[in-house]
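Visitor: Structure provided below as structure tokens; questions to follow.
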Amino acid sequence: MKVTFYFVRHGKTVFNQQGRMQGMCDSPLLQEGIDGAQDTASALCRVPFASCYSSSSERAWDTAEILCAPHGLKPVLMKDLREFDFGSLDGSYLKDVKGEAGDEFVREDWSEYGGDTMESFQQRSDRAFATMVENSRDGDTVLVVSHGAYMMHLMDTLLNFDRFAYVRKCNETGRPWMPNCGICIFTYVDGVWQITEEPMSGDEYRKKHDPKHVSFTFVRHGETLFNTQHRLQGHCDSPLTDNGIRQAEEAGKKLADLHFDRAYVSSAERTRDTAAVLLKGKDVPVRYEKRLKEVNFGSLEGMKDVFNDPKVTRRFNDTDFTDLGGENRQEVHQRLREVLMEAVDHSIDGDSILLVSHGKIYFTLLEMMSEMDVVKMIDDAHAHHINPCPNCGIFTFHYENGTFRIDHLMVEDWF
Numbered sequence: 000m001k002v003t004f005y006f007v008r009h010g011k012t013v014f015n016q017q018g019r020m021q022g023m024c025d026s027p028l029l030q031e032g033i034d035g036a037q038d039t040a041s042a043l044c045r046v047p048f049a050s051c052y053s054s055s056s057e058r059a060w061d062t063a064e065i066l067c068a069p070h071g072l073k074p075v076l077m078k079d080l081r082e083f084d085f086g087s088l089d090g091s092y093l094k095d096v097k098g099e100a101g102d103e104f105v106r107e108d109w110s111e112y113g114g115d116t117m118e119s120f121q122q123r124s125d126r127a128f129a130t131m132v133e134n135s136r137d138g139d140t141v142l143v144v145s146h147g148a149y150m151m152h153l154m155d156t157l158l159n160f161d162r163f164a165y166v167r168k169c170n171e172t173g174r175p176w177m178p179n180c181g182i183c184i185f186t187y188v189d190g191v192w193q194i195t196e197e198p199m200s201g202d203e204y205r206k207k208h209d210p211k212h213v214s215f216t217f218v219r220h221g222e223t224l225f226n227t228q229h230r231l232q233g234h235c236d237s238p239l240t241d242n243g244i245r246q247a248e249e250a251g252k253k254l255a256d257l258h259f260d261r262a263y264v265s266s267a268e269r270t271r272d273t274a275a276v277l278l279k280g281k282d283v284p285v286r287y288e289k290r291l292k293e294v295n296f297g298s299l300e301g302m303k304d305v306f307n308d309p310k311v312t313r314r315f316n317d318t319d320f321t322d323l324g325g326e327n328r329q330e331v332h333q334r335l336r337e338v339l340m341e342a343v344d345h346s347i348d349g350d351s352i353l354l355v356s357h358g359k360i361y362f363t364l365l366e367m368m369s370e371m372d373v374v375k376m377i378d379d380a381h382a383h384h385i386n387p388c389p390n391c392g393i394f395t396f397h398y399e400n401g402t403f404r405i406d407h408l409m410v411e412d413w414f
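Heads up: the sequence shown runs through residues 0 to 414, numbered per numbering that gives the first Met the number 0.
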């Protein structure tokens with residue numbers, strides 16, 4: 000009988016951020032931890048999990064719920080999967096724990112603080128995995144969501160793996176032993192347990208287990224009423240003009256011979272209407288995505304001729320509108336990366352994806368994918384009386400070997 004286990008550590012928590020010991024005690028996931036869980040969930044979306052078991056600690060449970068969502072599973076909570084018990088040191092700052100933190104975290108006996116020994120840990124970890132094997136069928140793949148020190152000690156008690164050599168190797172290369180939302184793969188085959196993949200990140204998993212080439216075609220929406228009025232248009236919306244519809248029709252002609260496996264379209268109506276024209280007569284599944292919406296410009300939304308003010312231009316270039324109720328660069332980068340990686344993870348090698356979105360989103364993607372000085376590019380284009388991001392302009396790029404690379408800019412002849 001063979002069962003494959005994907006062991007995933009929970010997302011980053013408040014105590015992780017604060018550098019505090021976190022065993023049987025608990026602290027909530029940070030937004031970074033939630034984002035990390037969603038990224039790993041996306042990376043593993045094509046793995047055929049038969050079941051999921053999670054530590055009963057809420058940080059692991061919340062992570063497991065995110066990981067299970069693409070598979071329609073509900074995690075089974077097990078107290079035996081809770082973290083290695085650090086006893087009275089739980090919640091202490093690592094810097095205050097006697098000895099080197101690294102030495103402390105590979106210790107086998109915390110009983111002097113009322114915590115686990117290797118024997119007590121092995122009893123519950125053996126019990127947990129025996130239950131999982133008993134409930135599995137030959138060939139099953141099982142998702143396990145637990146903790147970092149749990150995985151490190153499991154290397155000794157269950158997996159007959161040289162934990163100390165692994166720790167030394169990680170320390171020498173500056174690599175985390177078991178990163179938040181990291182993945183470790185091991186197997187049970189007729190009573191024999193073996194690690195087949197050392198802990199790795201979601202991106203490392205993608206490169207190793209799901210290499211692919213995916214093509215992307217990005218189209219900005221057609222001209223809108225606010226465009227003609229020179230009003231700033233982010234999360235607010237205005238309808239396509241007749242000229243905007245004609246622009247979409249012309250772009251559709253340019254794309255007529257291209258096959259798209261799926262389309263991801265900003266949920267704003269101006270992009271939905273543009274996509275409807277672009278895809279007329281094509282049988283392409285469409286997903287409307289709020290994460291592809293334009294940057295939220297906060298209280299500047301809908302205001303006219305705002306770029307006459309150099310302070311607004313600087314805000315636009317820096318992508319920072321948080322003090323006005325809008326977004327900053329980091330938030331926009333995060334949501335765009337999420338939707339791009341989901342598109343990649345749900346693709347097979349050779350797929351072609353259509354994206355219909357917005358002008359500032361185009362410039363943001365250029366920032367994310369290259370070392371290009373986007374502000375200089377925009378200034379140079381304007382100096383030549385050229386619009387660097389025309390309505391219904393077409394931009395192409397691709398994903399391969401874990402990297403996004405630009406193919407053709409919307410306007411490139413003059414660069």
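In this text, a Cβ means the ideal position worked out from N, Cα and C, and glycines have one as well.
Bear in mind the structure is a predicted one, so any value in this text is a computation, not a measurement.
Can you tell me whether residue 92 is buried or exposed, with buried defined as 16 or more other CB within 10 angstroms of its CB?
Guide: Exposed, because fewer than 16 other Cβ atoms sit within 10 Å of the Cβ of residue 92.
Visitor: Would you please state the rounded distance, in angstroms, between the beta carbons of residue 316 and residue 374? I believe it to be under 8 Å.
Guide: 5 Å
Visitor: With DSSP as the reference, identify every bridge partner of residue 235, one or two as the case may be.
Guide: According to DSSP, residue 235 bridges with nothing at all.
Visitor: Going straight from the alpha carbon of residue 302 to that of residue 37, what length do you get?
Guide: Rounded to whole angstroms, residue 302 to residue 37 spans 35 Å at the Cα level.
Visitor: Between which two residues does the alpha helix (DSSP H) harbouring residue 339 extend?
Guide: That run of the alpha helix (DSSP H) goes 328–344.
Visitor: On the CB-based measure, 16 or more other CB atoms within 10 Å of its CB, does residue 401 come out buried or exposed?
Guide: exposed
Visitor: Is the beta carbon of residue 428 sitting closer than 8 Å to the one on residue 12?
Guide: Within the shown structure, residues of the chain are numbered from 0 to 414, placing residue 428 beyond reach of any answer.
Visitor: Hey, could you find the ends of the beta strand (DSSP E) residue 199 is sitting in?
Guide: Membership of residue 199 in the beta strand (DSSP E) is indicated by the continuous run 191–199.
Visitor: If contact is defined by three or more beta carbon pairs under 8 Å, each pair taking one atom from either stretch, is the segment 204–213 in contact with the segment 229–240?
Guide: no
Visitor: In its own chain, which residues sit with a C-beta less than 7 Å from the C-beta of residue 272, not counting the 5 before and 5 after it?
Guide: 239
Visitor: From the DSSP output, in three-state form, read off residue 70 for me.
Guide: helix
Visitor: I need the boundaries of the alpha helix (DSSP H) containing residue 361, first residue and last residue.
Guide: 358–368
Visitor: Quick check: the Cα distance between residue 394 and residue 364, rounded to an integer number of angstroms?
Guide: 10 Å
Visitor: In chain order, what residues of the same chain lie with their CB nearer than 6 Å to the CB of residue 9, ignoring the 5 residues before and after it?
Guide: Taken in chain order, the residues that qualify are 58, 59, 62.
Visitor: Within 10 angstroms of its Cβ, does residue 170 collect 16 or more other Cβ (buried), or is it exposed?
Guide: exposed
Visitor: Could you pull out every residue in the same chain whose Cβ sits closer than 6 Å to the Cβ of residue 79, ignoring the five residues on either side in sequence?
Guide: Excluding residues within five positions, the ones whose Cβ falls inside 6 Å are 123, 126, 127.
Visitor: At which residues does the beta strand (DSSP E) containing residue 219 begin and terminate?
Guide: In the DSSP annotation of this structure, the continuous segment of the beta strand (DSSP E) that includes residue 219 starts and ends at 212–219.
Visitor: Find out if the Cβ-Cβ distance for the pair residue 108, residue 22 is shorter than 8 Å.
Guide: no
Visitor: Taking the runs of the beta strand (DSSP E) that are 3 residues or longer, which of them lie wholly in the segment 276–300?
Guide: Counting only unbroken stretches of 3 or more residues, the beta strand (DSSP E) elements lying wholly within the segment 276–300 are 285–288, in sequence order.
Visitor: With distance defined between alpha-carbon atoms, name the residue in 392, 40, 47, 111 nearest to residue 243.
Guide: 392
Visitor: Per DSSP, what kind of secondary structure is residue 11 in: helix, strand or coil?
Guide: coil
Visitor: Taking three-plus beta-carbon pairs below 8 Å as touching, is the segment 275–286 in contact with the segment 251–263?
Guide: yes
Visitor: In terms of residue numbering, what span does the alpha helix (DSSP H) encompassing residue 118 cover?
Guide: 117–133
Visitor: So residue 188 packs on residue 1, CB below 8 Å; how close in whole Å?
Guide: 5 Å
Visitor: Sort out for me which residues DSSP pairs residue 183 with in a bridge.
Guide: 6
Visitor: Thinking just about the alpha-carbon of each residue, which of 358, 381, 406, 408 is nearest to the one in residue 390?
Guide: The shortest Cα separation from residue 390 among 358, 381, 406, 408 belongs to 358.
Visitor: What residue range is occupied by the uninterrupted beta strand (DSSP E) comprising residue 374?
Guide: From DSSP, residue 374 is part of no beta strand (DSSP E) but of the alpha helix (DSSP H) over 373–382.
Visitor: Please confirm whether residue 277 and residue 355 have their CB atoms less than 8 Å apart.
Guide: yes
Visitor: Count the other CB atoms within 10 Å of the CB of residue 113; is the residue buried (16 or more) or exposed (fewer)?
Guide: So residue 113 counts as exposed.
Visitor: Suppose contacts are defined by Cβ-Cβ distances below 8 Å. Is residue 75 in contact with residue 140 by that definition?
Guide: no
Visitor: Is it the case that the Cβ atoms of residue 215 and residue 396 are separated by a distance below 8 Å?
Guide: yes
Visitor: Rank 164, 270, 229, 227 by C-alpha distance to the C-alpha of residue 247 and give the top, closest one.
Guide: 270
Visitor: What's the gap between the Cα of residue 82 and the Cα of residue 378?
Guide: Going by the C-alpha atoms only, they are around 54 Å apart.
Visitor: Can you tell me which residues form a DSSP beta bridge with residue 85?
Guide: In the DSSP output, where bridge partners are listed per residue, residue 85 has none listed.
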